[in-house]
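Beneath this line is the structure, given in structure tokens, with notes to follow.
In our numbering, the protein residues as written are 11 to 157.
Below is the structure:
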């Protein structure tokens, strides 16, 4: 296991412990699936990627991982939410969300564009006397498969 993976699992265990939960083998398996794919996944995708996971407990475990800020839930227009590791455990990115099929794709913008976004959003937050922790940008439209 790489040092990054070890740090990730240590952080996940620490965050779960802070909310009174254990880092069980099922929760670790879910995190491992999300690490391997490095893309937002639906619950059926997660279950397909690790057939040892039981559907009955996987959703409950995802809820606990979300509550502990280990996993982030992305709501789309399809019937399944998508799940990914919390951004501070990976790297800053944004999402393309298809309003037709519900697919979610990560994307990053050049550093100069990200800096301009931060500046513009900071100005809006200051005007509204709002303290910003971070930002997320979801572009909603139609993917190339849905045209």
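Don't be surprised by glycine CBs; every beta carbon is placed ideally from N, CA and C. Since the model is a prediction, treat every value here as computed from it, not as a measurement.
Check: Same chain only: Cβ atoms within 6 Å of residue 13, ignoring 5 sequence neighbours per side; Outcome: Note on residue 13: pLDDT 49, under 50, position unreliable in the model; no value is reported.
Check: Top-ranked residue by Cα proximity to residue 147, from 18, 116, 90 and 99; Outcome: 116
Check: Separation of residue 106 from residue 11, as counted between CA atoms; Outcome: Its pLDDT being 48, under 50, residue 11 is placed unreliably in this model, and the value from its coordinates should be taken loosely. If you take the alpha carbons of residue 11 and residue 106, they lie about 31 Å apart.
Check: Identified DSSP bridge partners for residue 163; Outcome: Nothing can be reported for residue 163: it is not among the residues displayed for the chain, which extend from 11 to 157.
Check: C-alpha gap between residue 83 and residue 140, whole angstroms; Outcome: 24 Å
Check: Best match in 99, 112 and 103 for proximity to residue 19 [C-alpha to C-alpha]; Outcome: 99
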